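Colleague: Numbered as in this note's numbering, the sequence shown ends at 216 without a single skipped number.
Backbone N, C-alpha and C define an ideal beta-carbon position, used for all residues, glycine too.
Quantities reported herein were computed from a predicted structural model and do not represent experimental measurements.
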Amino acid sequence: MPTTPARPAESLPPGPAAHAAAARTVHPSWLRLAHWLNAVAVVLMVMSGWRIYDAAPLFDFRFPPALTLGGWLGGALQWHFAAMWLLLANGLVYLGLNAATGRARRKFWPISARTVWADLRAALRGRLSHADPHTYNGVQRLAYVFVSLDTLLIVLSGLVLWKSVQFPLLRELLGGYDTARRVHFVAMAGLVGFVAVHLVMVALVPRTLLAMIRGR
Ligand code: HEM
Ligand code: HEM
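1) For ligand 1, is there a heavy atom less than 8 Å away from the beta-carbon of Val155?
2) Is any heavy atom in ligand 1 found nearer than 8 Å to the beta carbon of Val42?
3) Measuring CB to CB, does Ser48 end up less than 9 Å from Leu69?
4) For Asp289, which three-state DSSP category applies?
5) I'd like the list of long-range same chain contacts for Pro2, defined as Cβ closer than 7 Å, with 5 residues on each side in sequence excluded.
6) Specify whether the region 122 to 133 and the region 86 to 106 touch according to this definition: at least 3 beta carbon pairs, one from each stretch, less than 8 Å apart.
7) According to DSSP, simplified to helix, strand and coil, what is Ala100?
8) Going straight from the alpha carbon of Leu170 to that of Phe194, what length do you get?
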């Protein structure tokens, strides 16, 4: 009697166990990798940026040297321009895969003012439910979309500061070199503000940290 040769396991169609595991996954591995690489890039950009700022402060204060990176203006600029490539390449992979897989729409859309307001009030009273880790609430959606747009603004204003002559249209759209420098700074402050709130939220709901590390 002819027998069917056994097929290697990896060529079999995924069974119920594989489907269940996929359904439990909160963050796919590419997303987790992109998130942590972005966190490293942002820390390097902020710390080196603060050193650049200290060399010629825009306002009446300086950042403590212990919180800065690079040792001096030249060193800080080198860190800034090196980490910039990590930020940019990783950001493009994150945005590209989010768009290609339809994840961006599933996770961050829709955002309505009513939901954000209701979720914000519930959060401030300590009553915001995190029962379903697969779905972001209104406040999370708004915060993550805000930081993505804010990072885009940092990159665009950074391009003007870096290659002012090569990007004349962008420079004019951002109000000229001096205004672009202020835009870059204010966007940095927005980013740092986001990270501060982000870390408090993660500390309040540590389960989300496990999901961002191991996927579920
Ligand atoms: C997370 C991303 C970034 C952060 C947090 C950041 C932060 C900063 C800060 C705080 C400064 C000092 C501001 C000042 O004194 O004017 C600075 C300066 C600068 N940044 Fe960034 N930056 C980021 C991304 C970029 C990118 C992507 C570029 C280039 C494409 C860039 C190019 C520059 C340049 C050229 C300067 C020097 C400006 C000057 O001489 O005043 N930055 N950045
Ligand atoms: C070491 C510092 C950080 C920790 C411990 C951390 C932790 C986390 C955790 C646990 C989540 C999932 C939260 C949730 O379920 O709502 C998350 C998501 C996210 N974090 Fe962070 N984070 C850090 C730094 C950053 C930085 C520096 C940025 C960007 C400036 C950032 C941007 C985001 C974004 C955009 C998401 C949503 C990602 C998505 O689903 O596409 N994080 N983070």
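Modeller: To lay it out plainly:
1) yes
2) yes
3) yes
4) In the structure displayed, the chain extends from 1 to 216; residue 289 sits before or after that span and is not available.
5) Confidence at Pro2 is low in this model, with a pLDDT of 43, below 50, so its placement is unreliable and no value can be given for it.
6) no
7) helix
8) 25 Å
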